[in-house]
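Heads up: the structure comes next, in structure tokens.
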């Protein structure tokens, strides 16, 4: 009899925890839905004020990569958001492109010097030196300018409508809550299975009695 009471108490406690987490799930879902509705509304306001052609999918960078991803750890049963920073990566890409461009130009200058007449050797050498210096200057000037910010709003220009910034904040906050919902759903499913298992064991025990 004491065993039945203990099992029933565990079931009651587990059911209360399940209901509490479900209430939290409902609260976060309503909040995320409200954030998304407001964010889409702010986005439409921004497109109307700035022009539909300036804020559209056509303005997305073709070389853009996701800076925010979701990491699912099956071992720890955890879902988390991973935000990446790409400034250093973009700077490295710009430096590599600048180096390859400088090498190509030096090869062209070297080929032009080899095919020139001997009377024009000094002139070609001077031009090649000037070209190398110009290439080095372009590398120094272009590398910092190619360092793109992590903020995707800069794809649409330096000065964007305030409504677009507000929409971005709404989407970011909604994403955080959506990940929380996914984590809560996994927890709810796990607790539901545990409760069902205890109920089945209780029923089987009562049948044998």
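Residue numbers (my numbering): 322 to 530.
Think of the CB as a built atom: it goes at the ideal place given N, C-alpha and C, for glycine as much as any other residue.
{"Check": "By DSSP, does residue 333 sit in helix, in strand, or in coil?", "Outcome": "helix"}
{"Check": "Tell me whether residue 363 sits in a helix, a strand or coil according to DSSP, three-state version.", "Outcome": "helix"}
{"Check": "In angstroms, rounded to a whole number, what distance separates the CA positions of residue 521 and residue 496?", "Outcome": "38 Å"}
{"Check": "For the beta strand (DSSP E) containing residue 404, name the first residue and the last one.", "Outcome": "399-404"}
{"Check": "Quick check on the DSSP output: the beta strand (DSSP E) that includes residue 472 runs from which residue to which?", "Outcome": "Taken as a continuous stretch (DSSP letters only), residue 472 belongs to no beta strand (DSSP E), as it is neither H nor E."}
{"Check": "Tell me, which residues are paired with residue 394 by DSSP?", "Outcome": "399"}
{"Check": "Is it right to say residue 372 is buried, meaning 16 or more other beta carbons lie within 10 angstroms of its own, or is it exposed?", "Outcome": "exposed"}
{"Check": "Quick check on the burial criterion: 16 or more other C-beta atoms within 10 angstroms. Buried or exposed for residue 353?", "Outcome": "buried"}
{"Check": "If you draw a straight line from the alpha carbon of residue 492 to that of residue 356, how long is it in whole angstroms?", "Outcome": "7 Å"}
{"Check": "Count the other CB atoms, across all protein chains shown, that sit within 10 Å of the CB of residue 482; report buried if there are 16 or more and exposed otherwise.", "Outcome": "buried"}
{"Check": "Measuring alpha carbon to alpha carbon, tell me which of 331, 350 and 476 ends up nearest residue 515.", "Outcome": "331"}
{"Check": "For residue 499, is the classification buried or exposed, using 16 other Cβ atoms within 10 angstroms of its Cβ as the cut-off for buried?", "Outcome": "buried"}
{"Check": "Would you mind working out which of 336, 362 and 346 sits nearest residue 487, comparing C-alpha positions?", "Outcome": "362"}
{"Check": "Taking only the alpha-carbon atoms, compute the straight-line gap between residue 358 and residue 494 and give it to the nearest angstrom.", "Outcome": "12 Å"}
{"Check": "Do you know offhand how far residue 393's Cα is from residue 349's?", "Outcome": "20 Å"}
{"Check": "Taking the C-alpha atoms as reference points, what is the distance between residue 473 and residue 396?", "Outcome": "33 Å"}
{"Check": "Can you give me the Cβ contacts of residue 504 inside the same chain, cut-off strictly under 6 Å, excluding the 5 residues immediately before and after it?", "Outcome": "400"}
{"Check": "Report the rounded CA-to-CA distance for residue 485 versus residue 345, giving the unit in angstroms.", "Outcome": "30 Å"}
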